[in-house]
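Chemist: Below you'll find the structure I mean.
2 protein chains.
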Amino acid sequence: MARSNPARRVALLDTAIETLAAEGARGLTFRAVDAGADAPAGTASNYFRNRDDLLTQAGERVYERLLDGASQVVVPADAPRDRDLLVRLMVDTVRRIVDYRTGFLALLELRLEATRREGVRDVLTDRVRADLLSNISTHEQWHMPGDAVTVRLLYQALNWLVVDALTLPGLVDDADLDAYVAETVERLLPTEPAGPALG
Amino acid sequence: MARSNPARRVALLDTAIETLAAEGARGLTFRAVDAGADAPAGTASNYFRNRDDLLTQAGERVYERLLDGASQVVVPADAPRDRDLLVRLMVDTVRRIVDYRTGFLALLELRLEATRREGVRDVLTDRVRADLLSNISTHEQWHMPGDAVTVRLLYQALNWLVVDALTLPGLVDDADLDAYVAETVERLLPTEPAGPALG
Chain A
105 MARSNPARRV
115 ALLDTAIETL
125 AAEGARGLTF
135 RAVDAGADAP
145 AGTASNYFRN
155 RDDLLTQAGE
165 RVYERLLDGA
175 SQVVVPADAP
185 RDRDLLVRLM
195 VDTVRRIVDY
205 RTGFLALLEL
215 RLEATRREGV
225 RDVLTDRVRA
235 DLLSNISTHE
245 QWHMPGDAVT
255 VRLLYQALNW
265 LVVDALTLPG
275 LVDDADLDAY
285 VAETVERLLP
295 TEPAGPALG
Chain B
105 MARSNPARRV
115 ALLDTAIETL
125 AAEGARGLTF
135 RAVDAGADAP
145 AGTASNYFRN
155 RDDLLTQAGE
165 RVYERLLDGA
175 SQVVVPADAP
185 RDRDLLVRLM
195 VDTVRRIVDY
205 RTGFLALLEL
215 RLEATRREGV
225 RDVLTDRVRA
235 DLLSNISTHE
245 QWHMPGDAVT
255 VRLLYQALNW
265 LVVDALTLPG
275 LVDDADLDAY
285 VAETVERLLP
295 TEPAGPALG
């Protein structure tokens, strides 16, 4: 029967994420997780049914941590819903992702593992789709400029910007990252007038 | 001393690319390449100085094959340099990359390996930078609409579109891929009028 100490489960998942980022998907074994979490041999196999379960829960954990950060973003009710606000939100988002370096690298490993493992592919497909729909919904609820296509194109362009920043930092200097994000938003919303303040 | 049968070298690199895509970076060993290429044990180690050399030359080979395809694209001299032409070129480019599925997946593996191996990171950084500059230069020589920023944003947005299409095909149905590419170009060039034909 699966153990259910929640803090232990989270510690194992965080170790799995670090292992994915450091060693790649093939380096992620129950044994590596036990060792990395300073847990007795056999612990991880008590918490996760199999390797697919460990992989997909590690992916969930990355999203959870990123969404925790996102949920703390506060947009003042009277802030104009304009391009500048969207730039600020996207800079915050990209910074949050880049700062959680191992989380994003682990997700990239999972993307590649998804080409090999149907179970990982299915869970990740649902997760990414839900995340995108949630971003679109938030965008609309907050009356941000642009539409669903804007959100999808931001998702595409900013995800690859993060790939460049994390894997080939010589291409995107950290000091220039915010400017690249701003440029991306500005080009995707070139003619949008400032929206009215919502009080 | 390194062997120099060019056809053998290319066959070994193509095997390395398939191995990277199928097994991940950690699955790429000299032994796996020898076996995959039906070559006697020790062959790969005669062609490549070390693992970094094998990894970076495999990356070069992917770019070589993609650029070979790109060099066969013909733009009629009298075709208007407008958004429609750019859409057509970008659809061709994305199709070429998606069709060389294992090549792109191998490059993603190398991106992750670049976080672990300085030698891979340096070579890949130079390669991607050179490719981007070459795209910008071609864009300008062909008098295409948009500027260097347009080219960079296309690079960002379309690379991640390919990531989605290849790793989570449930997100981007192959039948919709061209429409997604067109939408990306159209949103990045929203107000650009059609340019004049160049005769």
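In order, the protein sequences belong to chains A and B. Okay, so the first sequence: first residue is 105 according to my numbering, each after it adds one. Okay, so the second sequence: first residue is 105 according to my numbering, each after it adds one. Note that the Cβ used here is the ideal one computed from N, Cα and C, for glycine as well. Given the structure is predicted, the values throughout are model-derived calculations rather than measurements.
Quick one: is residue 140(A) buried, meaning 16 or more other Cβ sit within 10 Å of its Cβ, or exposed?
Modeler: Sequence index remark: in the first sequence, residue 140(A) carries index 36 (1-based). Its Cβ being crowded by 16 or more others within 10 Å, residue 140(A) is buried.
Chemist: For the candidate residues 209(B), 184(B) and 164(B), whose alpha-carbon lies nearest to that of residue 268(B)?
Modeler: As a first step, residue 268(B) must be located in the second sequence, where it is residue number 164. Cα-wise, what sits closest to residue 268(B) is 209(B).
Chemist: Does any C-beta atom of chain B lie closer than 7 Å to the C-beta of residue 197(A)?
Modeler: Within the first sequence, the letter at position 93 stands for residue 197(A). Not closer than 7 Å to any Cβ of chain B, the Cβ of residue 197(A) fails to qualify, so no.
Chemist: How about residue 296(B): is its C-beta nearer than 7 Å to some C-beta of chain A?
Modeler: The residue you call residue 296(B) lines up with position 192 of the second sequence. Low local confidence applies: a pLDDT of 48 at residue 296(B) is under 50, so the model's placement there is unreliable, and no value is given.
Chemist: Quick check on the DSSP output: what are the complete alpha helix (DSSP H) runs of length 4 or more inside the segment 121-172 of chain B, in order along the chain?
Modeler: 134-140 and 147-151, all fully within the segment 121-172 of chain B.
Chemist: Taking 7 Å as the cut-off, decide whether the C-beta atoms of residue 220(A) and residue 130(B) are in contact.
Modeler: To locate residue 220(A), count along the first sequence from 1; it is residue 116. To locate residue 130(B), count along the second sequence from 1; it is residue 26. No. Outside cutoff.
Chemist: What did DSSP end up calling residue 110(B) once you bin it into helix, strand or coil?
Modeler: Residue mapping note: residue 110(B) aligns to position 6 of the second sequence, counting from 1. Looking at residue 110(B) - three-state DSSP - the assignment turns out to be helix.
Chemist: Comparing the C-beta of residue 264(B) with each C-beta of chain A, is any distance below 7 Å?
Modeler: Residue numbering aside, residue 264(B) sits at position 160 when the second sequence is read from its first letter. True, the Cβ-Cβ gap to chain A drops below 7 Å.
Chemist: Going by other Cβ atoms of all chains shown within 10 Å of its Cβ, with 16 needed for buried, is residue 118(B) buried or exposed?
Modeler: In the second sequence, residue 118(B) corresponds to position 14, counting from 1. Buried: at least 16 other Cβ atoms inside 10 Å.
Chemist: So, residue 120(B) versus residue 162(B), is the Cβ gap smaller than 7 Å?
Modeler: Working through the second sequence from its first residue, we reach residue 120(B) at position 16. Working through the second sequence from its first residue, we reach residue 162(B) at position 58. In contact: residue 120(B) and residue 162(B) (Cβ atoms closer than 7 Å).
Chemist: Mind checking residue 285(A): buried by the 16 CB within 10 Å criterion, or exposed?
Modeler: Numbered from its first residue, the first sequence carries residue 285(A) at position 181. Classification for residue 285(A): buried.
Chemist: Whole-angstrom Cβ separation of residue 293(A) and residue 242(A), contact assumed at under 8 Å?
Modeler: Taking the first residue of the first sequence as position 1, residue 293(A) is located at position 189. Taking the first residue of the first sequence as position 1, residue 242(A) is located at position 138. The pair is not a contact, with the Cβ atoms about 16 Å apart (cut-off 8 Å).
Chemist: Report the rounded CA-to-CA distance for residue 198(B) versus residue 280(B), giving the unit in angstroms.
Modeler: Sequence index remark: in the second sequence, residue 198(B) carries index 94 (1-based). Sequence index remark: in the second sequence, residue 280(B) carries index 176 (1-based). Near 12 Å, if we compare the C-alpha coordinates of residue 280(B) and residue 198(B).
Chemist: Out of curiosity, what's the CA-to-CA distance linking residue 274(B) and residue 266(B)?
Modeler: As a first step, residue 274(B) must be located in the second sequence, where it is residue number 170. As a first step, residue 266(B) must be located in the second sequence, where it is residue number 162. Approximately 13 Å, taken between the alpha carbons.
Chemist: Can you list, in chain order, the residues of the segment 214-230 of chain A whose Cβ is nearer than 7 Å to any Cβ on chain B?
Modeler: Those would be 215, 216, 218, 219, 225, 228 and 229, in chain order.
Chemist: Could you tell me whether any Cβ in chain A is nearer than 7 Å to the Cβ of residue 257(B)?
Modeler: Position 153 of the second sequence holds residue 257(B). Yes, residue 257(B) counts as interfacial toward chain A.
Chemist: As a quick exercise: from 244(A), 276(A), 180(A) and 112(A), pick the residue whose alpha carbon is nearest that of residue 142(A).
Modeler: If you number the first sequence from 1, residue 142(A) lands on position 38. The candidate whose alpha carbon is nearest that of residue 142(A) is 112(A).
Chemist: With distance defined between alpha-carbon atoms, name the residue in 226(B), 224(B), 196(B) and 110(B) nearest to residue 60(B).
Modeler: Within the shown structure, residues of chain B are numbered from 105 to 303, placing residue 60(B) beyond reach of any answer.
Chemist: At least one CB of chain B closer than 7 Å to the CB of residue 135(A): is that the case?
Modeler: Counted from its first residue, the first sequence places residue 135(A) at position 31. No, because no Cβ of chain B sits closer than 7 Å to the Cβ of residue 135(A).
Chemist: Would you say residue 161(B) faces chain A, with C-beta separation under 7 Å as the test?
Modeler: Your numbering for residue 161(B) matches position 57 in the second sequence. No, its Cβ sits nowhere closer than 7 Å to a Cβ of chain A.
Chemist: Taking 6 Å as the cut-off, is the C-beta of residue 186(B) nearer than that to any heavy atom in the ligand COA?
Modeler: Of ligands this structure carries none, so the ligand COA is not represented either.
Chemist: Please name the residue in 239(B), 250(B), 137(B) and 278(B) whose C-alpha comes closest to that of residue 185(B).
Modeler: Walking along the second sequence from the start, residue 185(B) turns up at place 81. Nearest option by C-alpha distance: 250(B).
Chemist: Specify whether the segment 257-265 of chain A and the segment 169-176 of chain A touch according to this definition: at least 3 beta carbon pairs, one from each stretch, less than 8 Å apart.
Modeler: Touching, no.
Chemist: Is it buried or exposed for residue 289(A), if we count other Cβ within 10 angstroms and need 16 for buried?
Modeler: Your numbering for residue 289(A) matches position 185 in the first sequence. Looking at its Cβ environment, which holds 16 or more other Cβ atoms inside 10 Å, residue 289(A) is buried.
Chemist: Between residue 54(B) and chain A, is there a C-beta pair that is closer than 7 Å?
Modeler: No statement about residue 54(B) is possible, as the shown extent of chain B runs from 105 to 303 and does not include it.
Chemist: Thinking C-beta only, is residue 183(B) closer than 7 Å to residue 189(B)?
Modeler: Your numbering for residue 189(B) matches position 85 in the second sequence. Your numbering for residue 183(B) matches position 79 in the second sequence. It is a contact, given that the beta carbons lie within the stated cut-off.
Chemist: Verify the CB distance criterion: does residue 129(B) have a CB-CB separation below 7 Å to chain A?
Modeler: Here residue 129(B) is taken as the residue at index 25 of the second sequence, counted from 1. It does: the Cβ of residue 129(B) has a partner Cβ on chain A nearer than 7 Å.
Chemist: Thinking C-beta only, is residue 166(A) closer than 7 Å to residue 207(A)?
Modeler: In the first sequence, counting from the first residue as 1, residue 207(A) sits at position 103. In the first sequence, counting from the first residue as 1, residue 166(A) sits at position 62. Closer than 7 Å, so yes.
Chemist: Say whether chain B places a C-beta atom closer than 7 Å to the C-beta of residue 274(A).
Modeler: Indexing the first sequence from 1 puts residue 274(A) at position 170. Cβ-Cβ to chain B under 7 Å: yes for residue 274(A).
Chemist: Would you say residue 279(A) faces chain E, with C-beta separation under 7 Å as the test?
Modeler: Among the protein chains of the structure shown, namely A and B, there is no chain E.
Chemist: Just how far apart, CA to CA, sit residue 133(A) and residue 213(B)?
Modeler: Walking along the first sequence from the start, residue 133(A) turns up at place 29. Walking along the second sequence from the start, residue 213(B) turns up at place 109. Rounded to the nearest angstrom, the two C-alpha atoms are 19 Å apart.
Chemist: Out of 108(B), 147(B) and 202(B), state which residue places its alpha-carbon closest to the alpha-carbon of residue 264(B).
Modeler: Indexing the second sequence from 1 puts residue 264(B) at position 160. Per the Cα distances, 202(B).
Chemist: Any beta carbon from chain A within less than 7 Å of residue 176(B)'s own beta carbon?
Modeler: The residue given as residue 176(B) occupies position 72 in the second sequence. So, not an interface residue.
Chemist: Quick check on residue 271(A) - is its C-beta less than 7 Å from some C-beta in chain B?
Modeler: Locating residue 271(A) in the first sequence gives position 167, counting from the first residue. Yes, contact with chain B.
Chemist: In the structure shown, what three-state DSSP assignment does residue 264(B) receive?
Modeler: Along the second sequence, one-based indexing puts residue 264(B) at 160. Reduced to three states, the DSSP call for residue 264(B) is helix.
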